[in-house]
Structures are given as structure tokens and as C-alpha cells.
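**Q** Just passing along the structure, written as C-alpha cells.
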Amino acid sequence: MDPAEEAMGVEGSSSSGEREKEAGKEEKDSMSHLYVFTAHKGGMDNVDKKLQLEVIEEMSKNSTHHAAVLRRDKRVAERIETIKAAVLAMTKQDRAQRGVESDAIIASARKHCACDSDRWCCVVDMDMFYAAVEIRDDPSLNDVPLAVGGDSMISTANYVARKYGVRAAMPGFIARELCRRQGVELRFKPVDMPRYQAASDLFKEAVLPYGPMKMLSLDEAYIDITARVREAATVADDNTTTQVDAEEAAATRLVAS
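Going by full-length UniProt numbering, the residue at position 104 of the sequence shown is 104; the numbering climbs one at a time, nothing skipped.
The following block contains the structure:
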């Protein structure tokens, strides 16, 4: 083999290896949709996604749940291919008719779900609620990776833990190993519903004066602030939502958004 052929052979081998690595990476990345606990949350911008997926795969690949997830994903993929084939088989007339039908559905939905532009509403959502209550009552937890829950499931993680890829809905044993591989220890606190309910009651009392409200969960309130906004517009230049946040923070010593 002359030098040129030898060089081409080495280059070809290298390119093939790189393609295999890239294919493996794409396959690994494509698995992230299988796990709800790999979805992004605030504070997870710089998470090592590669490590996160590696740990999840290693620790769940032989489980019954993982096998069930793969079967479900296969069924979804097959359904997608069936739909794509049906779309490709459609004639121009078929497509036009489907377009007319979909436009009618959208128009009907808009008619029945029309917004009332004369009203102002807001959603107030507490940040990392369970973890925030734990930190409020024990400030030493503020700067350590903290998860509320146990080895089976995490209910909430603080922002320090999220930097390491830990988040709500993640099994605790996976989160613990994920932190260990990054040189940190994940602290756990058990769920304490009576304390969270008490904090939620304070939250509700703080925001109730701003208008009719509906609690969507312990840490989330939907408030119609129309009357308060109109009052503010006539008597002062007031930011009602900022006031809501301030009142809530004063009452609960927790942060909302």
C-alpha cells in the first residue's frame, strides 16, 4: 500500500469511528424523552446532560419500569410511522379537505374559549416550595444540594441540587448517585405535609385580599386581580403583581414567581 492509500485508509477508519461515536451519542440523547425527570427546570441550565443520562441508564436499564417505558415508546414510534404513511398517501384533494376541517375545529375552539380582555389575572407559584420550607426552618440547608423525598421519589429539589441534574420526579437513588459522581453529597429531608400545609395557609391568606382566587395546589394560586389593578390605575402608579409577591414573602418568608 502506498502512503496515499495508507493515509486514506487511516482517515477512513477514523471517520468511521467518529461516525459510530456520533451515532451512539445521538442514540443516547434520543433516550432523554423517556424520562420526565430529565426535563428542564429553573436552575438546570448548565447540567451535565451526558452524565445525567449515563447514570439514569445504568441504574434503571434492568428495571421492570424501564422495560415498560421502552415498550410504550416503541408503540408510540410505530403509531407515528403509521400516521406519516397515511399523510404521504393523501391526495392533494384530501389535504385540502383536512385543512378545511382543521380550520373549522380551530375556529370553534376559539369561539368557545374566547378570552375576556377586560379582566386581569395572574398565577402565583411558589419556588421549590417543599425545599423552601425546609430551608426556611433550617437555614444551614440553604447552600447544600437538598432533596425532599426519599430513595423512591423526589418531590422537590433546591436550586443547588438542580445544578447537578437533580429535580422533582427523579428517583432518589438515581439523584444520590448523580451527585456522588460529581463529588457532592445530596441531603434528603422527608416530606412533612403538615408544615407545608401550614405554609400554604399563610400563602393563601397573604394573596386573598387581591381578588377572587383558586388554589391550584398547595403552592400555586390563580388570582383575578382586576379590581385591584383598576383601583391602582386610578389612585397610584402601582405594580400589583409586585405587591402580591411582597405580601406573600412577608407572610411566609418564601419566594414566589
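Virtual Cβ for every residue (Gly too), placed ideally from N, Cα, C.
What are the start and end residues of the beta strand (DSSP E) that includes Lys214?
**A** Lys214 -> beta strand (DSSP E) spans 213–217.
**Q** Classify Glu177 as helix, strand or coil using the three-state DSSP reduction.
**A** If DSSP states are grouped into helix, strand and coil, Glu177 belongs with the helices.
**Q** One question on the structure: do Gly150 and Gly165 come within less than 8 Å of each other, judged by their Cβ atoms?
**A** No, the pair does not count as a contact, with Cβ atoms beyond the cut-off.
**Q** Can you tell me whether Val123 is buried or exposed? The criterion is at least 16 other CB atoms within 10 Å of its CB, across all chains shown.
**A** With fewer than 16 other Cβ atoms within 10 Å, it is exposed.
**Q** Between Arg195, Glu185, Ser140, which has its C-alpha nearest Lys163's C-alpha?
**A** Out of Arg195, Glu185, Ser140, Glu185 has the C-alpha closest to the C-alpha of Lys163.
**Q** Would you check if the distance between the CB atom of Ala199 and the CB atom of Val133 is smaller than 8 Å?
**A** Yes; because the gap between Cβ atoms is below 8 Å, this pair is in contact.
**Q** Which runs of the beta strand (DSSP E) at least 3 residues long sit entirely within the UniProt domain "UmuC" (121–226)? Give them in chain order.
**A** Here the runs fully enclosed are 121–125, 146–149, 154–157, 187–189, 213–217, 220–224.
**Q** If you run the structure through DSSP and keep just helix, strand and coil, what is Ala89?
**A** Here Ala89 sits in coil by DSSP.
**Q** Can you give the Cα-Cα distance for Glu81 and Arg253, rounded to whole angstroms?
**A** So the two alpha carbons sit approximately 51 Å from each other.
**Q** Could you tell me which residues DSSP puts in a beta bridge with Ala256?
**A** In DSSP, Ala256 forms a bridge with Met126.
**Q** In angstroms, rounded to a whole number, what distance separates the CA positions of Lys50 and Arg72?
**A** Near 23 Å, if we compare the C-alpha coordinates of Arg72 and Lys50.
**Q** Buried or exposed for Arg228, going by 16 or more other Cβ atoms inside 10 Å?
**A** So Arg228 ends up on the buried side.
**Q** Indicate whether Ile154 and Met59 have their beta-carbon atoms separated by less than 8 Å.
**A** Their beta carbons are not under 8 Å apart, which means Ile154 does not touch Met59 by this criterion.
**Q** The alpha helix (DSSP H) with Met59 in it runs from where to where?
**A** Where Met59 is concerned, the enclosing alpha helix (DSSP H) stretches over 49–60.
**Q** By Cβ distance below 6 Å, which residues in the same chain neighbour Ala251 in space, the five residues on each side in sequence not counted?
**A** Result list for Ala251: Leu202, Ala206, in chain order.
**Q** Rounded to whole angstroms, what's the CA-CA distance from Glu78 to Lys84? Just pull it up for me.
**A** Going from the Cα of Glu78 to the Cα of Lys84 covers about 10 Å.
**Q** Quick one: residues in its chain with C-beta nearer than 6 Å to the C-beta of Met128, no 5 flanking neighbours on either side, listed in chain order?
**A** Closer than 6 Å at Cβ, skipping near neighbours: Thr156, Asn158.
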